[in-house]
Amino acid sequence: MRVNVASLAFLCFLSLVHGDDPSRFFNWNITFGNIYPLGVPQQGILVNGQFPGPDIYCVTNDNLIINVHNSLTEPFLISWNGIQQRRNSWEDGVYGTNCPIPPGKNFTYILQVKDQIGSFFYFSSLDFHKAAGGFGGIRILSRPRIPIPFSDPSGDFTVLIGDWYKANHTALKARLDRGKKLPFPDGILVNGRGPNGASFTVDPGKTYRFRVSNVGLQNSLNIRFQGHKMKLVEVEGTHTLQNTYSSLDVHAGQSCSFLVTMDQLPQDYYIAVSTRFTDPVLITTAVLHYSNSGRRVNGPPPGGPTIQIDWSLNQAKSIRTNLTASGPRPNPQGSYHYGMINTSSTIRLANSAALVNGKQRYAVNSVSFIPSETPLKLADYYKISGVFRLGSISDNPTGQKEYLDTSVMPADFRAFVEIIFENKESIIQSWHLDGYSFWVVGMDGGQWSPANRKEYNLRDAVARCTTQVYPRSWTAIYVALDNVGMWNVRSEFWARRYLGQQFYLRVYSPVNSIRDEYPIPKNALLCGRAAGRHTRPL
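In terms of mature numbering (1 follows the signal peptide of the UniProt record, and there is no 0), the sequence shown is residues -19 to -1, 1 to 519.
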């Protein structure tokens, strides 16, 4: 596999834009392969023959050059959950911004982890590929001269957890295409394996960092270490107050990392992962293996919370920013006083489920998103009319009956906005905003009203890219729209996203300056009504 000529040309431009920041090169071959995570054969998506795919290790401000060769029999895209891609939504890897990589072809993603640290993941974003694999962990380490608020751990583990189906992704997609809901999942995986299939070897007396990402399709999960405590230290790029927990909820699409000290008797222990807010409760286990262990795991795994919403809500409110710790820069995380900035507007987003034309659909503010054959970013750049309409989704719930549209919401560059996620349904929701990290300033039960602003945390709210909204509840976030582009706002319940619970936020600057947004890459794939057009010269 080789980086193509267009990619090499763009690399020359990259060196001008990103200066002397180091570059890391990856060559990935995407294939189908047989996997057996729950004991039955399935067609999985492998990255360089691996399920899950290889981790990405990098350091703040590194340039990542990832050459992805699609050896599948169908188009393919990879997206980067939590990587902000400053000024560069061209590399977002979702269908609203990128053309899929055709079978037998390659595409080189070029992105920079500018001013970021923390734990994230990548995943297969097109169609229902996420149900087949193609995901892996991303860890962004701090630069050596920037102190972290804890001692270096003795080891650093990626832990990818998620619900899973025994059916192939093609069968699940066909079910959704017929307008049906997905059934209850068949199990939970830890690093692509079923019960006791994953194992983590540790030395007694030492402390290890575990980076956990919920890469599943819909369920909130709870993780706990038998006989051990977890000290939370980071959530999606934010160093947190170092609270200690006996178990932690990790909602769909979320990532966090915590420290565990091996202070128990030398034996093997369960790592238990179970679903939240479900009946029945699914549970799986991995093994925490002491290197001098004298006994294997046995007996029942440790129990955890099940349907207790208040318990989870209170835990979520306890996760707060460590204001004195440095982030990716040497200045303390609390030096940006988000609570003292006046918001310029309020956006209210309400999710709903309905039958549209006799088929199951999901919507945001009554609009159920349908993709265009031309990626929205390309249509915007080439000024191709008729692909989408700005304002095709309201910034407040309308109360209308659900309908289909290619929904795009306009937003002004450098605006500071309040977004309220309103969930009147009886299930938990999980929302993600590409290209951004936002402050989760409030969440509670009932109907949101302006009076709830009195309850907001305007001092040390955690900043992250994915937030949960509890049943019949609301969650409020503040976000500085300082990243120009066409950005996906979506449900992390993948069937809901696939059937319309998403839209695109167009953050626009009329200046058209490279300081605000990079030009279209020379290696950009062009499809739909953009096919045959030329990228502008570097």
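For each residue, glycine too, the CB sits at the ideal point set by N, CA and C.
Exposure label - residue i; buried when at least 16 CB within 10 Å
i	result
Gly34	buried
Pro502	buried
Asp230	buried
Glu72	buried
Lys111	buried
Gly77	buried
Lys358	buried
Glu473	buried
Ala152	exposed
Glu436	exposed
Phe165	exposed
residue 569	Outside the shown range of the chain (-19 to 519) lies residue 569, about which nothing can therefore be said.
Val183	buried
Leu371	exposed
Of the listed residues the options, nearest to residue i (C-alpha basis)
i	options	result
Phe181	Asp137, Asn469, Ile264 and Leu213	Asp137
Ile47	Trp61, Pro56, Cys237 and Pro83	Trp61
Ile82	Asp108, Val389 and Gly99	Asp108
Val216	Ala442, Phe394 and Ile408	Ala442
Phe402	Pro166, Trp412, Arg395 and Ala396	Trp412
Ser106	Ile142, Pro125 and Pro56	Pro56
Gln289	Tyr451, Leu506, Asn51 and Asn464	Tyr451
Phe397	Gln381, Gln410 and Trp420	Trp420
Glu354	Gln381, Tyr189, Leu507 and Thr139	Leu507
Met211	Phe191, Leu198 and Asn195	Phe191
Asn433	Phe32, Asp463 and Glu399	Glu399
Glu383	Ser347, Ala360, Val368 and Pro356	Ser347
Ser366	Asn15, Asp184 and Arg510	Arg510
Gln428	Gly416, Val345 and Arg329	Arg329
Closer than 8 Å to chain D by CB, residue i
i	result
Val443	Note that chain D does not occur in the displayed structure, where there is just one protein chain.
Contacting residues, own chain, Cβ-Cβ under 8 Å from residue i (five flanking each side not counted)
i	result
Ile351	Leu385, Asp386, Thr387 and Gly481
Same chain, Cβ closer than 6 Å to residue i, neighbours up to 5 away in sequence not counted
i	result
Asn(-16)	Below a pLDDT of 50, predicted positions are generally treated as unreliable, and Asn(-16), at 45, falls in that range; no measurement from the model is reported.
Reduced DSSP secondary structure (H/G/I, E/B, other) of residue i
i	result
Leu330	strand
Leu315	First, the amino acid is wrong: residue 315 is Gly here, not Leu. The answer is helix: DSSP assigns Gly315 an H, G or I state.
Gln296	helix
Trp71	helix
Ile121	strand
residue 521	Nothing can be reported for residue 521, as the shown portion of the chain is limited to -19 through 519.
Ala444	strand
Thr151	helix
Glu354	coil
Pro431	helix
Ala253	strand
His50	strand
Lys340	strand
Gly367	coil
Asn504	coil
Proximal residues to residue i (C-beta, below 7 Å), its chain only, five neighbours per side dropped
i	result
Gly175	Pro18, Leu19, Gly20, Gly168 and Thr265
Val28	Trp9, Ile11, Gly34, Pro35, Gly115 and Gly117
Ser299	Asn224
Phe394	Leu462, Val465, Val488, Tyr489, Ser490 and Asp497
Touching or not, the segment 120 to 131 and the segment 299 to 308, by the rule of three or more beta carbon pairs under 8 Å? Output reads yes: the segment 299 to 308 touches the segment 120 to 131.
Can you find at least 3 beta carbon pairs, one from the segment 236 to 254 and one from the segment 269 to 281, that sit closer than 8 Å? Judged by Cβ distances under 8 Å, the segment 236 to 254 makes contact with the segment 269 to 281, as three or more pairs qualify.
May I ask you to verify whether the segment 395 to 409 touches the segment 322 to 341, counting CB pairs closer than 8 Å and requiring at least 3? Touching, yes, given that three or more Cβ pairs across the two stretches are closer than 8 Å.
Taking contact to mean 3 or more Cβ pairs, one atom from each stretch, closer than 8 Å, check whether the segment 154 to 161 and the segment 97 to 105 are in contact. Segments in contact, no.
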